[in-house]
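Numbering (the working numbering), first residue to last: 63 to 218.
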């Protein structure tokens, strides 16, 4: 049950062990901060790509000049924007001001994403969902910034 007075945190579902990544796997985190938040019932999970209608598994996708294209050459931009819109709606519904999302993802990347050439080369940038949440005042951290996210939560 979600408490109406508790400060909630949006977290990428793959970081919680849900098999929602493009390859059908997860990247579960066991950081003490996350475990505490879970025990406090603060966490709301989302995978924007799945929320946007993409399947599990799915072809890898990368951002190419404001579009999201999968490795097969199909434009999946609409699904990424739909998922981002749903993540924002969830934040607005629950007054969420803090998110911890998966670094490197074309949806959730916080400081880096792939360069769009499907060669595993990372560049500075943000995923579609991170961009939208940030523009609407949600502070987004990656799974490498649990301590910073926890400190931010303490000041909300």
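The beta carbon of each residue, even a glycine, is placed where N, CA and C say it ideally should be.
Residue from the options whose Cα sits closest to the Cα of residue i
i: residue 79; options: 88, 71 and 117; result: 88
i: residue 90; options: 196, 217, 184 and 163; result: 163
i: residue 75; options: 113, 130, 160 and 182; result: 113
i: residue 92; options: 84, 101 and 85; result: 101
i: residue 180; options: 202, 125 and 119; result: 125
i: residue 159; options: 134, 217, 131 and 171; result: 217
i: residue 187; options: 166, 206, 201 and 203; result: 166
i: residue 85; options: 139, 122 and 68; result: 122
i: residue 117; options: 142, 189 and 127; result: 142
i: residue 135; options: 144, 145 and 120; result: 120
Residues of its chain near residue i, where Cβ-Cβ distance is below 6 Å and the 5 sequence neighbours each way are ignored
i: residue 106; result: 70 and 72
i: residue 95; result: 208 and 212
Helix, strand or coil at residue i [DSSP, three-state]
i: residue 65; result: The predicted model places residue 65 with a pLDDT of 48, which falls under 50 and marks its position as unreliable; any figure quoted below should be read in that light. Three-state result, residue 65: coil.
i: residue 215; result: helix
i: residue 197; result: helix
i: residue 174; result: strand
i: residue 184; result: strand
i: residue 77; result: helix
Close Cβ partners of residue i (< 8 Å) along its chain, the five nearest in sequence each way excluded
i: residue 137; result: 129, 130 and 131
i: residue 63; result: Confidence is the limiting factor: at residue 63 the pLDDT is only 49, short of 50, which leaves the residue's position unreliable, though a coordinate-based value still follows. Closer than 8 Å at Cβ, skipping near neighbours: 103.
Do three or more CB pairs link the stretch 198-216 to the stretch 175-183 at distances below 8 Å? no
Which ranges would you report for the alpha helix (DSSP H) in the stretch 87-153 if only whole runs of at least 4 residues count? 94-101 and 110-113
Can you find at least 3 beta carbon pairs, one from the stretch 179-199 and one from the stretch 148-156, that sit closer than 8 Å? yes
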